[in-house]
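Asks: In my numbering, the protein residues as written are 13 to 60. Glycine is no exception: its CB is placed at the ideal position from the N, C-alpha and C atoms. Dropping the structure in here first, questions after.
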């Protein structure tokens, strides 16, 4: 996801797609998994 976000530049925002893995992880695993995925997604979004 980070690579696609980086390649498209500022024209298209892919930030909404970072929510999907967070929601799946929190729904099926646990809240802690959702928090961990949230931190990873935020770090990835910040780098791209």
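Is residue 30 near residue 51, with beta carbons less than 7 Å apart?
Replies: Here residue 30 refers to the residue found at position 18 of the chain shown. Here residue 51 refers to the residue found at position 39 of the chain shown. Not in contact: residue 30 and residue 51 (Cβ atoms no closer than 7 Å).
Asks: I need the straight-line Cα distance from residue 53 to residue 15, nearest angstrom please.
Replies: In the chain shown, counting from the first residue as 1, residue 53 sits at position 41. In the chain shown, counting from the first residue as 1, residue 15 sits at position 3. Those two C-alpha atoms are separated by around 12 Å.
Asks: Reducing DSSP to helix, strand and coil, say where residue 55 ends up.
Replies: Indexing the chain shown from 1 puts residue 55 at position 43. Three-state result, residue 55: helix.
Asks: If you follow the alpha helix (DSSP H) that residue 35 is part of, which residue opens it and which one closes it?
Replies: Counting from 1 along the chain shown, the entry for residue 35 is found at position 23. It spans 31 to 40 - the alpha helix (DSSP H) in which residue 35 sits, taken as one unbroken run.
Asks: To the nearest angstrom, how far is it from the Cα of residue 34 to the Cα of residue 49?
Replies: Within the chain shown, the letter at position 22 stands for residue 34. Within the chain shown, the letter at position 37 stands for residue 49. Answer to the nearest angstrom: the Cα atoms are 5 Å apart.
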